[in-house]
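Reviewing the structure listed below.
Numbering (this note's numbering), first residue to last: 45 to 332.
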């Protein structure tokens, strides 16, 4: 049985991994959060990796307060860059596979066709810039590191768009939701399965050179407005939802206007099936 360290174990993706862990009996997932393991502390990481063999690390820990990051740059870079560098270093020292989670915010959003892994990054926010630095640190230290970019993550857990919309539709008669930002929602349960399938593939093919950047989101494309409409329809809510442009909803950080991710590489390399976003939304809402 392989020991898999999961950082950020109390977040959306960490909890989704906890839910599906039983389907992968060959892995012993060790869930930690900042109270258990401070990944910004190199000495703490060294002690943890020395206490037991760690075959792989799934780094779900991140500074994700996108707007707050605009005035909290030091902490955003501490967790999204410096901590990733420390993880990459300790994983390399112990010959442990690192799988690091990144984001669609690394792109400018000016494109109008799905972004591939080879497209140039051009973040428009502190959060996006910190994640770009983290990607470079992870792969720069060990070319066998896998960076997995995702987008619009939601789940039954923590704070996210789906949970917030459900709450607001129970409280309000009218809502305004932006319609000029296009992307693809990602159900954390699907992403968790994809991550463990990748590690399983690596176990079966230990000598394969599979490091690098991969994209994973659900299939399809939508706007935040149409995403909200789908939630309304699937929950039989009666709230009136109106589409508005982004300039009517001011935020500290600029969001990508278009951040659809091309997933051909991950499907071709690992044989991963990617569910359609509406199907996964229905599954999540049913679980709620």
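Quick reminder that beta carbons are idealized off the backbone N, C-alpha and C, glycines included. As the structure is a computational prediction, the values presented were derived from the model and not from experiment.
Would you tell me roughly how many angstroms separate the C-alpha atoms of residue i and residue j, rounded to the nearest one?
i: residue 65; j: residue 292; result: 42 Å
i: residue 242; j: residue 143; result: 9 Å
i: residue 204; j: residue 108; result: 11 Å
i: residue 285; j: residue 47; result: 46 Å
i: residue 278; j: residue 326; result: 7 Å
i: residue 51; j: residue 134; result: 14 Å
i: residue 322; j: residue 210; result: 16 Å
i: residue 249; j: residue 139; result: 16 Å
i: residue 198; j: residue 294; result: 22 Å
i: residue 71; j: residue 101; result: 12 Å
i: residue 160; j: residue 116; result: 30 Å
i: residue 88; j: residue 80; result: 10 Å
i: residue 330; j: residue 238; result: 21 Å
i: residue 163; j: residue 312; result: 18 Å
i: residue 282; j: residue 200; result: 22 Å
i: residue 157; j: residue 150; result: 16 Å
i: residue 171; j: residue 111; result: 8 Å
i: residue 299; j: residue 176; result: 15 Å
i: residue 59; j: residue 316; result: 21 Å
i: residue 224; j: residue 303; result: 12 Å
i: residue 221; j: residue 84; result: 36 Å
i: residue 136; j: residue 93; result: 11 Å
Counting along the chain, where does the beta strand (DSSP E) carrying residue i start and finish?
i: residue 190; result: 190-194
i: residue 258; result: 256-259
i: residue 73; result: 71-75
i: residue 219; result: 218-222
i: residue 49; result: 46-51
Compute the distance between the beta-carbons of residue i and residue j, then report whether it is under 9 Å.
i: residue 141; j: residue 188; result: yes
i: residue 216; j: residue 332; result: no
i: residue 318; j: residue 260; result: yes
i: residue 179; j: residue 146; result: yes
i: residue 228; j: residue 264; result: yes
i: residue 182; j: residue 235; result: no
i: residue 320; j: residue 280; result: no
i: residue 169; j: residue 301; result: no
i: residue 53; j: residue 77; result: yes
i: residue 62; j: residue 73; result: yes
i: residue 185; j: residue 219; result: no
i: residue 194; j: residue 305; result: yes
i: residue 240; j: residue 190; result: no
i: residue 192; j: residue 310; result: yes
i: residue 232; j: residue 56; result: yes
i: residue 105; j: residue 174; result: no
i: residue 196; j: residue 230; result: yes
What are the start and end residues of the alpha helix (DSSP H) that includes residue i?
i: residue 331; result: 321-331
i: residue 239; result: 232-248
i: residue 57; result: 56-64
i: residue 206; result: 205-215
Report task. Go through the stretch 91-179 residue by residue and report every complete run of the alpha helix (DSSP H) that reaches 4 residues or more, in order. Result -> 117-121 and 127-137
Report task. List in chain order: all unbroken alpha helix (DSSP H) runs of 4+ residues lying wholly within the stretch 273-317. Result -> 308-314
Query raised in the report: At a cut of 8 Å, does the stretch 111-130 reach the stretch 269-283 through at least three beta carbon pairs?
Result: no
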